[in-house]
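Here is the structure we will look at.
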């Protein structure tokens, strides 16, 4: 198989991923006829039909599925080789970190602290949505992703999930915003609250708690960004439902106070990586 045309294999790989000849031709910037011709040449080399047409869509044969599985490995190794060699020769070892935009900055700083200030390390931090960051992780543009939501996995998922920490969640606000001598039920029903949005695990836990207590919370704001929740709490807009680590500095300076700890509600922080033949050696420092 030494004389196999890997250019043809890559074209097959793109067509198989797209499932449609027209879309693949547009992505590869070649004509459909040229693409079809190169796929046929690969099939002749293998001695196997790789696709069968059903209507306008292309479906992989059993041989096609085997070829796709191997091509995934081949091109993944190629991307890893490129990413690894691009890092060599740097005066500083780069660590490319993705963090979902809503994640606590204090948590990120605490996690990365073992590498901060090192003259041989360059940290490249990128914020974004979970979807775009995990895709960048798969394509080896990132070394790890920090998130508070564990990604869905199955038997073929490439993700490796590392549980880093689990934080309690509290009611936190400026001193005097809520009376001290109140039950939790009274506090939730009468004090203005700054809550995370309903897509968050903390919010789902809070809604379940309010339901168990039989109270209708007084919602002043719903925010999907921890940094903004922190600012709202500092401005006295309401009592924030957040982990204390988010406002660690303000608590230490007595700008904010922990009014109550919420039972059975936690926020879990994860680091997500993928299996690599040459993992970034800096990860070992962070996970040790």
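In my numbering, the protein residues as written are 76 to 363. By construction, the Cβ of each residue, glycine as well, lies at the ideal position given by its N, Cα and C atoms. All values reported here derive from a predicted model rather than from experimental measurement.
- For residue 234, the uninterrupted beta strand (DSSP E) segment begins and ends at 234-248.
- Nearest to residue 353 by alpha-carbon distance, out of 185, 274, 114 and 151, is 151.
- Here the stretch 191-207 does not lie against the stretch 236-255, with fewer than 3 beta-carbon pairs under 8 Å apart.
- Residue pairing of residue 268 in beta bridges, as defined by DSSP: 294 and 314.
- A residue is called buried when at least 16 other Cβ atoms come within 10 angstroms of its Cβ; residue 294 does not meet this threshold and is exposed.
- Per DSSP, the continuous alpha helix (DSSP H) segment holding residue 114 begins and ends at 107-121.
- By alpha-carbon distance to residue 363, the top candidate from 189, 304 and 324 is 189.
- For residue 228 and residue 257, the gap between their C-alpha atoms comes out near 43 Å.
- DSSP places residue 328 outside both helix and strand once states are collapsed to three, so it counts as coil.
- Excluding the 5 residues flanking it on each side, residue 288 has same chain C-beta neighbours closer than 6 Å at 260, in chain order.
- The DSSP-derived three-state label of residue 202 is strand.
- Ranked by Cα distance from residue 277, the options 308, 224, 307 and 143 are led by 224.
- Going by DSSP, residue 360 is part of no beta strand (DSSP E) but of the alpha helix (DSSP H) stretching over 357-362.
- Residue 81 is classed as exposed because its beta carbon has fewer than 16 other beta carbons within 10 Å across all chains shown.
- Per DSSP, the unbroken beta strand (DSSP E) holding residue 127 starts and ends at 126-129.
- Per DSSP, residue 321 lies in no alpha helix (DSSP H) segment and is marked neither H nor E.
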